[in-house]
Amino acid sequence: MAKPGFLFYFDWKHIFSTLSPAEQGALVMALLTYAETQQQPHFTDRTMVMAWNALWPRLDEDARRYEAVVQKKRDAANKRWAKQDDGMDKYL
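Residues in the sequence shown are numbered consecutively from 44, following the working numbering.
Following this line, the structure appears as structure tokens:
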């Protein structure tokens, strides 16, 4: 199952406030694309490269934390199922 979305942080506001509306839109679309596909944008403008470099590492960190939580919940569910299966064997 794919991640349902990504977090957008208030502390990113200062980065977006330095960009034009067109640049803001391009950066948001790059964030959406990267969060969904891990495809890096190919910005050539130095301002956009700097803005992107300030934001994308946080997406990667959030993705790692999300996967850790998913795996922990998966392990707990598997443990519960295994415990239930062990208890049912004596009745068969």
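Beta carbons are placed, not taken as given, at the ideal position from N, Cα and C, and that holds for glycine.
None of these values were measured; they are calculated from a predicted model.
Nearest candidate by alpha-carbon position, reference residue i, set the options
i	options	result
Lys138	Ala45, Gly48, Lys116 and Val71	Here the chain covers residues 44 to 135 and nothing more, so residue 138 does not appear.
Gly48	Thr61, Thr80 and Phe59	Thr80
Leu75	Ala120, Arg108, Trp99 and Glu104	Trp99
Tyr52	Pro84, Lys122 and Asp105	Asp105
Glu66	Phe86, Gln114, Arg117 and Arg107	Phe86
Residue i, enclosing alpha helix (DSSP H) - first and last residue
i	result
Ser63	Taken as a continuous stretch (DSSP letters only), Ser63 belongs to no alpha helix (DSSP H), as it is neither H nor E.
Three-state secondary structure assigned by DSSP to residue i
i	result
Lys46	coil
Phe51	coil
Buried or exposed (CB count within 10 angstroms, at least 16 for buried), residue i
i	result
Ala45	exposed
Ala73	buried
>> If we require 3 or more residues per run, which beta strand (DSSP E) segments fall completely within the segment 71 to 132?
In response: none
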